[in-house]
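S.K.: Residue numbers (our numbering): 878 to 941. Yeah, the Cβ is synthetic: ideal placement off N, Cα and C, and Gly gets one too. None of the values given here were measured: they were computed from a predicted structure.
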């Protein structure tokens, strides 16, 4: 499962232009039961995008 997580992290990192290690850490609790395909990557990218946007908003709120 570690290899699938790394594969997904590489693809997502390239699409979002975010460091690989950040994405890999984000996917620590995600269970990959099969090989990663484009549909999985699309779903994960959307999920991570939402989480990253919320995280960014929280950091701006906390700075004020």
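Starting from residue 900, follow the alpha helix (DSSP H) in both directions and report where the run begins and ends.
M.R.: 897 to 903
S.K.: On the criterion of 16 or more Cβ atoms from any shown chain inside 10 Å, does residue 906 qualify as buried, or is it exposed?
M.R.: exposed
S.K.: To which residues of the same chain is residue 830 closer than 7 Å at the C-beta, ignoring the five residues directly before and after it?
M.R.: There is simply no residue 830 to check, as the chain begins at 878 and stops at 941 in what is shown.
S.K.: Quick one, are the C-beta atoms of residue 892 and residue 912 less than 8 Å apart?
M.R.: no
S.K.: Per DSSP, what kind of secondary structure is residue 911 in: helix, strand or coil?
M.R.: coil
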